[in-house]
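Enquirer: If you read the sequences in order, they're chains A and B. Under the numbering used here, residue 645 is the last one in the first sequence; the count climbs by one each step, no gaps. Under the numbering used here, residue 645 is the last one in the second sequence; the count climbs by one each step, no gaps. A virtual CB, placed ideally from N, CA and C, is assigned to each residue, including glycine. Below you'll find the structure I mean.
Protein chains: 2
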Amino acid sequence: MTAAARLLETLAQWGVEYVFCCPGTSEIPVLDALATTRGAPEFVLTTHEAISVSMADGYARASGRIGVAYLHTNVGVANGLAHLYAAQVARSSVAILAGIKGTATLPHRALTTSPRLLETAAPYVGHAWQNLRAEDLLEDVSRTLWHTTVVPEQPAILTIPQDHLTADSSVAPPVRSGARQGPAADAVRHASALLDAARRPVVVAGSDVARRRAEADLARLAERLGAPVFVESRRDLERWSFRTDHPLCAGLFEPRAPLLAEADLLVLAGMPTPLEFSAEVPALPPGVPILHLSEDAAEPGRRYVPAGAVVGDTAAALRGLADGIRPECAPSRSEWLVRVRKDSEDRRARWEAEVPWDGEFSAALAMRTVADVVGGERLLVLDAVTSTLPLLRFLRRTRADSLFATASGSLGWGMGAAAGVAMARRERVFAVVGDGVVQFGVPAFWTVVRHRLPVTYLVVNNGKYQAVVAGLRKSGGERADCPLTDISGVEISALAMAFGIKATTVDGAEGLRAALAEDPGPDDGPRLIEIRVNDRLWQ
Amino acid sequence: MTAAARLLETLAQWGVEYVFCCPGTSEIPVLDALATTRGAPEFVLTTHEAISVSMADGYARASGRIGVAYLHTNVGVANGLAHLYAAQVARSSVAILAGIKGTATLPHRALTTSPRLLETAAPYVGHAWQNLRAEDLLEDVSRTLWHTTVVPEQPAILTIPQDHLTADSSVAPPVRSGARQGPAADAVRHASALLDAARRPVVVAGSDVARRRAEADLARLAERLGAPVFVESRRDLERWSFRTDHPLCAGLFEPRAPLLAEADLLVLAGMPTPLEFSAEVPALPPGVPILHLSEDAAEPGRRYVPAGAVVGDTAAALRGLADGIRPECAPSRSEWLVRVRKDSEDRRARWEAEVPWDGEFSAALAMRTVADVVGGERLLVLDAVTSTLPLLRFLRRTRADSLFATASGSLGWGMGAAAGVAMARRERVFAVVGDGVVQFGVPAFWTVVRHRLPVTYLVVNNGKYQAVVAGLRKSGGERADCPLTDISGVEISALAMAFGIKATTVDGAEGLRAALAEDPGPDDGPRLIEIRVNDRLWQ
């Protein structure tokens, strides 16, 4: 057997079901081997490497397995890089294999060859290596896959010279898995004491809670604590981690909500250091002591000096704290809890008043409609920039680990990620994306059609780079109408139809409601609803 | 005035006419300054950074000025990287300015921020810098622009913290320009002696000849030498550098043409080391002594040890050699010249027989038709992968520096590059691209429509990754029908129409001829002709 065939076997041994690729000639030995290797992973063709990587990422997040993208040379790696950053931010187990020219050609001035390929990828991976000897290829592949599973997970990359794929090859090395670490007992004790002492604690449910399927553990801790739980802020959210029908759920974490400044402990439960947008916009309520639960030892303390930190597996940390605290302290927090919940209800009422059902068809009203219809149980992928905030404000979620978003700001991620989530979960995914996002990820349409993937793209088409419009307004200039924010003119539904997607256009809440009500099944292939909203976010 | 306004002034002083951008919030001070700064460059909105960079590159190549792309943070730089490689391969004067978060935010965990941003770009630029102090911004911008003009030209990148754009700023530093070096006199003497001694010389006209507008200098050298001149090979061609109606023109350089092995001197005139596709495919006829004229001292000797090398400005080198050789040697080469020209005519006759006018509508026949109709004088941009070879074989070119291609293999380059060439030359550009290329560069459609650019996309739609099909055939496997090469299913003309481009579909040579005959003027905006060919390259 050739090394290429053994490579396919090795991937299969690791539980890799799919390889997302957009092949060039350097990958030919692998394509050849696919014809003859039994049990090989299925190769999923994409027509741009940005889609290969975002699909692998979406698949990895939603399946808990390794997402593998096989890219073509230095240009393919470059094309996948922005979404590799998204995978890194999400600590997604994405392995990049990249075909490069043969070792007899690499030293020369060769087509699609950079002697510094790995340097471009290194900032976005935890492990970067070029296979040096054909006889080490399988070991290198295994090590690359393994690296993506080591907590804190990061993507990894291996470049593979073409001639090493055609060499004879021995048996694949055994599968190994990344070790997880539990939290240190003294850290849990210290944190439990902090919690016991808190009278006005606030818990933020980070994405790692859903990732580790620890929603119930978080609920148990919150119940014993008697503390309100917020869902991670719009900026940080990668997975929705607390069900909104839980009595302790206080809705979306918005750091500038005035009441939060009165908290005496902020529990960041299973998340990295919150992302900062700018120095003027605080990512956390200022001055509130922090208890930081993180799986990455480098996160607590990176920006804020926490009063306590628990580093280790999120589920284990939550269980340890729930067992470590004294539940008899809970009643002392009941007044605070009532105030927070009242405040959350008031905020929600204000939001609803700001976006009335009979208002103009703004992005916010479209999002309120989507939240109302698509609701709590459907799989959601979000990459809608400014529309994300109103959607998250109105969403009610009741199903564990069923919402995926990116905190990376890598536009276009959702186009491929939704396809990857659909492959992992084998049910319909609703992808809420902006019109700018569509232009960043058009080739995703090709793959969802070819594989008849059950993705419904909900495209909020406002013809604007609305985030830039908002920024211009805030800057105090008079250029909110700057022509460089105007990306109108694309018929998104016609664009999708050119790829063979069933698409429809709506321009009001009722039309949107009707279109959403159609609800094709998981076998009905991709759909697109172009939602033509006005050019204002809120009304 | 703010630094942002001064930055715009600085760009204008350097002769920068356009800035290609896809802005995010980090660029807001620049957008604000645009409203109030007189004489600022025009900002051209693109809807993906791959288009910003390929437009800047096409513009730089066709204008001789600096092409500036203003990108958004680490993700924007990542998205532009593959085409930055194309600019590097072409030694294109492309300057990347990248907006990043403010200095008070950068050290934190910030949105769209990598502490190692410059590392990703460094392999593809000659100069990479982050502006450290607001008071140095204009100096840093100037230095970045200057670096792109220093021979051998390379792209350069400067990252600009947002807060440095709003600082007060002093006057811009003076414009400086990259020095050019002439060749050393003894190198010219040695090379002249090699030429005098050659009885069967062959000249390859490299892209630097057209870049330096040195076509006449090359013609004079060739005439005094009495030597045949080939146009750079399909793999290396970035600019067409020798008119086909010159009596010494021997057509396209194809290294494996048997007669070339009989040459006794191969003159690489104004090009880097030829690109290698694989160790099995020689990039030069083996064993023939080389005389290498290059503007980059690192190119001669990089792969082949040349018998002679002349390093320096291509025009100066060609003039020096034309004056240095003894024209009385020319008659001794006449028999060789007759043989080479006869061989070239025979090759062309074979090519024509292989692709008869009444044959099936293959990519080759489509390209023969395009070559016949679009012909010698129109501006051409090529990014058509396998279709490029038949097109180049059939092309006759009579206008200096009017054809642009990439040797990078960075798919999609031609989509934006054609738009950049159209902005630089203000006349209609014919962009010959593959259907796979279109999928890599869809957002270019948006910008050509918004700016009504006179680009006619000629899309060779074979529904295949034909290069991979060819590679699979050569590999001896039975997988030439591998489903991973099949990218059919897109109605390219419908896709273009969704953006507002007038598009038509043809499926035969006569239809193509008729569509090409329409010939809209330079003010008629973009057009697209989808050329549906069969799935074979040659017949």
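Using a Cβ-Cβ cut-off of less than 9 Å, list which residues of the stretch 327–358 of chain B approach chain A; keep chain order.
Expert: Correct list: 341.
Enquirer: Evaluate residue 570 of chain B with the Cβ neighbour count: other Cβ atoms within 10 Å of its Cβ, from every protein chain shown; 16 or more gives buried, anything less gives exposed.
Expert: Start at 1 with the first residue of the second sequence, and residue 570 of chain B comes out as number 464. By the 10 Å Cβ count, residue 570 of chain B comes out buried.
Enquirer: Among B:439, B:120 and B:288, which one has its Cα closest to the Cα of residue 416 of chain B?
Expert: Walking along the second sequence from the start, residue 416 of chain B turns up at place 310. Checked all of B:439, B:120 and B:288; the closest Cα to residue 416 of chain B is B:288.
Enquirer: Could you tell me which residues DSSP pairs with residue 267 of chain B in its beta bridges?
Expert: On the second sequence, residue 267 of chain B is found 161 positions in, with the first residue counted as 1. According to DSSP, which records beta bridges pairwise, residue 267 of chain B is partnered with B:206.
Enquirer: Roughly how many angstroms lie between the CA atoms of residue 237 of chain A and residue 132 of chain A, to the nearest whole one?
Expert: To locate residue 237 of chain A, count along the first sequence from 1; it is residue 131. To locate residue 132 of chain A, count along the first sequence from 1; it is residue 26. Residue 237 of chain A and residue 132 of chain A: Cα-Cα distance of roughly 14 Å.
Enquirer: Indicate, with yes or no, if the ligand ZN has a heavy atom lying under 8 Å from the CB of residue 296 of chain A.
Expert: Among the components of this structure there are no ligands whatsoever, and the ligand ZN is therefore not found.
Enquirer: Name the residues in the stretch 203–218 of chain A whose C-beta lies less than 8 Å from a C-beta of chain B; which are they?
Expert: So the close ones are 207, 208, 210, 211, 214, 215, 216, 217 and 218.
Enquirer: List the residues of chain B whose Cβ lies closer than 7 Å to the Cβ of residue 604 of chain A, in chain order.
Expert: In the first sequence, the residue the question calls residue 604 of chain A occupies position 498. Those within 7 Å of residue 604 of chain A in chain B are 596, 597, 600, 601 and 604.
Enquirer: Does any residue of chain B have a CB that is nearer than 9 Å to the CB of residue 223 of chain A?
Expert: Taking the first residue of the first sequence as 1, we reach residue 223 of chain A at position 117. It does: the Cβ of residue 223 of chain A has a partner Cβ on chain B nearer than 9 Å.
Enquirer: Report buried or exposed for residue 392 of chain A, applying the criterion of at least 16 other Cβ atoms within 10 angstroms of its Cβ.
Expert: Within the first sequence, residue 392 of chain A is the residue found at index 286, counting from 1. Residue 392 of chain A should be labelled exposed.
Enquirer: Between the alpha carbons of residue 338 of chain B and residue 496 of chain A, how many angstroms are there, rounded?
Expert: Translated into the one-based positions of the second sequence, residue 338 of chain B becomes position 232. Translated into the one-based positions of the first sequence, residue 496 of chain A becomes position 390. Near 57 Å, if we compare the C-alpha coordinates of residue 496 of chain A and residue 338 of chain B.
Enquirer: Can you find a CB in chain B that lies within less than 9 Å of the CB of residue 265 of chain A?
Expert: Here residue 265 of chain A refers to the residue found at position 159 of the first sequence. Taking Cβ atoms only, chain B never reaches closer than 9 Å to residue 265 of chain A, which makes this a no.
Enquirer: Note down the Cα distance separating residue 458 of chain A from residue 421 of chain A, rounded to an integer number of angstroms.
Expert: Taking the first residue of the first sequence as position 1, residue 458 of chain A is located at position 352. Taking the first residue of the first sequence as position 1, residue 421 of chain A is located at position 315. Going from the Cα of residue 458 of chain A to the Cα of residue 421 of chain A covers about 35 Å.
Enquirer: Compile a chain-ordered list of the residues in the stretch 530–549 of chain A whose CB is closer than 7 Å to at least one CB of chain B.
Expert: From the stretch 530–549 of chain A, only 542, 545, 546, 548 and 549 have a Cβ closer than 7 Å to chain B.
Enquirer: Are the C-beta of residue 115 of chain A and some C-beta of chain B separated by less than 9 Å?
Expert: Counting from 1 along the first sequence, the entry for residue 115 of chain A is found at position 9. By this cut-off, residue 115 of chain A is not an interface position.
Enquirer: Could you give the first and the last residue of the continuous beta strand (DSSP E) run that contains residue 396 of chain B?
Expert: Translated into positions along the second sequence, residue 396 of chain B becomes position 290. Here the beta strand (DSSP E) through residue 396 of chain B covers 396–400.
Enquirer: In chain order, what residues of the same chain have a beta carbon less than 8 Å from the beta carbon of residue 439 of chain A, not counting five sequence neighbours either side?
Expert: Against the first sequence, residue 439 of chain A aligns to sequence position 333. 304, 305, 306, 307, 331, 332 and 333, listed in sequence order.
Enquirer: Within the same chain, show all residues whose beta-carbon is closer than 7 Å to that of residue 556 of chain A, passing over the 5 residues directly before and after it, in chain order.
Expert: Within the first sequence, numbered from 1, the residue matching residue 556 of chain A stands at position 450. Within the same chain, residue 556 of chain A has close Cβ partners 151.
Enquirer: Using beta-carbon positions only, say whether residue 494 of chain A and residue 349 of chain A come within less than 9 Å of one another.
Expert: Taking the first sequence and counting its residues from 1, the one referred to as residue 494 of chain A is at position 388. Taking the first sequence and counting its residues from 1, the one referred to as residue 349 of chain A is at position 243. No, these two residues do not count as a Cβ contact at 9 Å.
Enquirer: Taking contact to mean at least 3 C-beta pairs separated by less than 8 Å, is the stretch 507–519 of chain B in contact with the stretch 430–449 of chain B?
Expert: Contact between the stretch 507–519 of chain B and the stretch 430–449 of chain B is absent, because fewer than three Cβ pairs lie under 8 Å.
Enquirer: As a quick exercise: from B:219, B:145, B:138 and B:209, pick the residue whose alpha carbon is nearest that of residue 178 of chain B.
Expert: Numbered from 1 along the second sequence, position 72 holds the residue referred to as residue 178 of chain B. Among B:219, B:145, B:138 and B:209, the Cα nearest to that of residue 178 of chain B belongs to B:219.
Enquirer: By the three-class DSSP mapping on this structure, what secondary structure does residue 299 of chain A have?
Expert: As a working note, residue 299 of chain A is residue 193 in the first sequence. Looking at residue 299 of chain A - three-state DSSP - the assignment turns out to be helix.
Enquirer: Entirely within the stretch 210–286 of chain B and at least 3 residues each: give me those beta strand (DSSP E) ranges in chain order.
Expert: Listed in chain order, the complete beta strand (DSSP E) runs (minimum 3 residues) inside the stretch 210–286 of chain B are 233–236 and 262–267.
Enquirer: Excluding sequence positions up to five away, which residues of its chain have a Cβ less than 6 Å from the Cβ of residue 320 of chain A?
Expert: Numbered from its first residue, the first sequence carries residue 320 of chain A at position 214. Cβ within range, chain order: 420, 421 and 424.
Enquirer: Cβ closer than 7 Å: which chain B residues qualify as neighbours of residue 154 of chain A?
Expert: The residue you call residue 154 of chain A lines up with position 48 of the first sequence. By Cβ distance, chain B contributes 545 and 546.
Enquirer: Quick one: what's got a C-beta closer than 7 Å to residue 516 of chain B's C-beta in the same chain, skipping five residues either side?
Expert: Within the second sequence, the letter at position 410 stands for residue 516 of chain B. These residues qualify, in order along the chain: 188, 189, 191 and 192.
Enquirer: Assuming residue 486 of chain B and residue 538 of chain B are in contact, meaning their beta carbons sit under 8 Å apart, how far apart are those beta carbons, in whole angstroms?
Expert: Within the second sequence, residue 486 of chain B is the residue found at index 380, counting from 1. Within the second sequence, residue 538 of chain B is the residue found at index 432, counting from 1. Indeed they touch by this definition, with Cβ atoms about 7 Å apart.
Enquirer: Measure the alpha-carbon distance for residue 92 of chain B versus residue 322 of chain B and round it to whole angstroms.
Expert: Outside the displayed span of chain B (107 to 645) sits residue 92 of chain B, for which this structure offers no information.
Enquirer: Can you pull the chain B neighbours of residue 522 of chain A, defined as C-beta to C-beta under 7 Å?
Expert: Position 416 of the first sequence, counted from the first residue, corresponds to residue 522 of chain A. In chain order: nothing, as chain B lies at least about 13 Å away.
Enquirer: Any idea what DSSP makes of residue 356 of chain A, helix, strand or coil?
Expert: One-based indexing of the first sequence puts residue 356 of chain A at position 250. Residue 356 of chain A: strand per DSSP, three-state reduction.
Enquirer: Am I right that residue 593 of chain A and residue 541 of chain A are in contact with their C-beta atoms under 8 Å? What's the rounded C-beta distance?
Expert: Here residue 593 of chain A is taken as the residue at index 487 of the first sequence, counted from 1. Here residue 541 of chain A is taken as the residue at index 435 of the first sequence, counted from 1. The Cβ separation is near 7 Å, so the contact holds.
Enquirer: Should residue 620 of chain B be labelled buried (16 or more other beta-carbon atoms within 10 Å of its own) or exposed?
Expert: To locate residue 620 of chain B, count along the second sequence from 1; it is residue 514. Looking at its Cβ environment, which holds fewer than 16 other Cβ atoms inside 10 Å, residue 620 of chain B is exposed.
Enquirer: For residue 432 of chain B, which option in B:615, B:329 and B:262 has the closest C-alpha, if you only look at C-alpha atoms?
Expert: Within the second sequence, the letter at position 326 stands for residue 432 of chain B. Closest by alpha carbon: B:329.
Enquirer: Threshold first: 3 residues or longer. Then list the beta strand (DSSP E) segments lying entirely within the stretch 610–643 of chain A, N to C.
Expert: Correct list: 633–638.
Enquirer: Whose C-alpha, out of B:467, B:395, B:410 and B:356, is nearest the C-alpha of residue 445 of chain B?
Expert: Taking the second sequence and counting its residues from 1, the one referred to as residue 445 of chain B is at position 339. Out of B:467, B:395, B:410 and B:356, B:356 has the C-alpha closest to the C-alpha of residue 445 of chain B.
Enquirer: Which value, in whole angstroms, describes the spacing of the CA atoms of residue 281 of chain A and residue 146 of chain A?
Expert: Locating residue 281 of chain A in the first sequence gives position 175, where the first residue counts as 1. Locating residue 146 of chain A in the first sequence gives position 40, where the first residue counts as 1. Taking the straight line joining both Cα atoms gives about 16 Å.
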